[in-house]
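Trainee: The structure follows.
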Amino acid sequence: EPEVTQTPSHQVTQMGQEVILRCVPISNHLYFYWYRQILGQKVEFLVSFYNNEISEKSEIFDDQFSVERPDGSNFTLKIRSTKLEDSAMYFCASSRQVQETQYFGPGTRLLVL
Amino acid sequence: KNEVEQSPQNLTAQEGEFITINCSYSVGISALHWLQQHPGGGIVSLFMLSSGKKKHGRLIATINIQEKHSSLHITASHPRDSAVYICAVRSGNNDMRFGAGTRLTVKP
Chain B
367 EPEVTQTPSH QVTQMGQEVI LRCVPISNHL YFYWYRQILG QKVEFLVSFY NNEISEKSEI
427 FDDQFSVERP DGSNFTLKIR STKLEDSAMY FCASSRQVQE TQYFGPGTRL LVL
Chain C
403 KNEVEQSPQN LTAQEGEFIT INCSYSVGIS ALHWLQQHPG GGIVSLFMLS SGKKKHGRLI
463 ATINIQEKHS SLHITASHPR DSAVYICAVR SGNNDMRFGA GTRLTVKP
């Protein structure tokens, strides 16, 4: 069964460094999403992406964040200058259509020191 | 006030029991999702509902749009059902709002 994959599974970085989290959505899906979950807290929506542009973003998704689909398969989340509070699990998801089920990747656990 | 409220926060059941988890929301929605998060952190989508009722195996999800309420039921619960169950609503375009989750533990 097709699945969403994410790399790396874990990343440790120093405060102020840039990180890029990578996702490979399911191949025939058109809508892509990033979510984050700070340890012990609820999942939060970051951004949705369709047709090579952001369709919705939350107040968390400030200028430090960007998303890109650099080729036909990858979908990336970049954090330009990481802060301690960016430490979280980051989930990518994709869906074929906006009103269809979203399939989640296994997550990338980011730790900012 | 949270836009998505789940109850209970924690639930412990004996194997075989019928489980109900509730979700209330305060915003207009286009769809409601029930998700399962395993102890390792992975998230699986169980249901997406915009009206009525859906069933998959031992899981049943219902939604009442007028009352802004949804329930997730598990029949004949099993220890492998132990997980965090999350209600999430889609409002507007693709903006999802999540509940805090219900931690279910099913004891053998």
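Here the protein sequences line up with chains B and C, keeping their order. Anchor point for the first sequence: position 77 equals 443 in my numbering, and the numbering is continuous, going up by one each time. Anchor point for the second sequence: position 64 equals 466 in my numbering, and the numbering is continuous, going up by one each time. Don't be surprised by glycine CBs; every beta carbon is placed ideally from N, CA and C.
#1: At a Cβ threshold of 9 Å, is residue 441 of chain B touching chain C?
#2: Comparing the C-beta of residue 473 of chain B with each C-beta of chain C, is any distance below 9 Å?
#3: I'd like the ranges of any beta strand (DSSP E) spanning at least 3 consecutive residues and lying wholly in the region 445-476 of chain C.
#4: Residues in the same chain with beta-carbon distance under 7 Å from residue 508 of chain C, minus the five sequence neighbours each way, listed in chain order, please.
#5: Measure the CB-CB distance between residue 458 of chain C and residue 422 of chain C and report whether it falls below 9 Å.
#6: Inspect the CB distances between the region 455-462 of chain B and the region 431-438 of chain B and report whether three or more fall short of 8 Å.
#7: Would you mind working out which of B:436, B:400, B:441, B:380 sits nearest residue 423 of chain B, comparing C-alpha positions?
#8: Starting from residue 467 of chain B, trace the beta strand (DSSP E) in both directions and tell me its first and last residue.
#9: Could you tell me the distance, in whole angstroms, from the CA atom of residue 372 of chain B to the CA atom of residue 386 of chain B?
#10: Within its chain, find whatever has a CB closer than 6 Å to the CB of residue 468 of chain B; leave out the 5 residues flanking it on each side and keep chain order.
#11: Taking the DSSP output, what are the residues bridged to residue 445 of chain B?
#12: Measuring straight from C-alpha to C-alpha, what distance separates residue 437 of chain B and residue 388 of chain B?
#13: Within a Cβ cutoff of 6 Å, which residues of the same chain sit near residue 449 of chain C, ignoring the five residues on either side of it in sequence?
#14: Can you name, in chain order, every residue of its own chain whose Cβ lies under 7 Å from the Cβ of residue 426 of chain B, other than the five neighbours on each side?
#15: Could you tell me whether the Cβ of residue 505 of chain C comes closer than 9 Å to any Cβ of chain B?
#16: Of all Cβ atoms in chain B, is any one closer than 9 Å to the Cβ of residue 446 of chain C?
Mentor: On the basis of the supplied data:
#1: Here the question's residue 441 of chain B lines up with position 75 in the first sequence. Closer than 9 Å: no.
#2: Residue 473 of chain B sits at position 107 when you count from the first residue of the first sequence. Answer yes: the Cβ-Cβ gap between residue 473 of chain B and chain C drops below 9 Å somewhere.
#3: 445-451, 454-458, 461-466, 471-476
#4: Along the second sequence, read from residue 1 onward, the residue named residue 508 of chain C stands at position 106. Closer than 7 Å at Cβ, skipping near neighbours: 415, 417, 479, 480, 481, 483, 484.
#5: Residue mapping note: residue 458 of chain C aligns to position 56 of the second sequence, counting from 1. Residue mapping note: residue 422 of chain C aligns to position 20 of the second sequence, counting from 1. Not in contact: residue 458 of chain C and residue 422 of chain C (Cβ atoms no closer than 9 Å).
#6: no
#7: The residue you call residue 423 of chain B lines up with position 57 of the first sequence. The option with the nearest alpha carbon to residue 423 of chain B is B:400.
#8: The residue given as residue 467 of chain B occupies position 101 in the first sequence. Looking at the DSSP string, residue 467 of chain B is not in any beta strand (DSSP E), and its letter there is neither H nor E.
#9: Taking the first sequence and counting its residues from 1, the one referred to as residue 372 of chain B is at position 6. Taking the first sequence and counting its residues from 1, the one referred to as residue 386 of chain B is at position 20. Cα to Cα, the separation comes out at about 11 Å.
#10: The residue given as residue 468 of chain B occupies position 102 in the first sequence. Here the set comprises 459, 461.
#11: Position 79 of the first sequence, counting from 1, holds the residue named residue 445 of chain B. Residue 445 of chain B pairs with B:385, B:431.
#12: Residue mapping note: residue 437 of chain B aligns to position 71 of the first sequence, counting from 1. Residue mapping note: residue 388 of chain B aligns to position 22 of the first sequence, counting from 1. C-alpha separation (whole angstroms): 12 Å.
#13: Indexing the second sequence from 1 puts residue 449 of chain C at position 47. Excluding sequence neighbours, residue 449 of chain C sits near 436, 456, 463.
#14: Here residue 426 of chain B is taken as the residue at index 60 of the first sequence, counted from 1. Counting only Cβ-Cβ distances below 7 Å, and skipping sequence neighbours, we find 410, 412.
#15: Locating residue 505 of chain C in the second sequence gives position 103, counting from the first residue. No, residue 505 of chain C lies away from the interface with chain B (no Cβ there is under 9 Å from its Cβ).
#16: On the second sequence, position 44 is the one that residue 446 of chain C refers to. Residue 446 of chain C counts as touching chain B.
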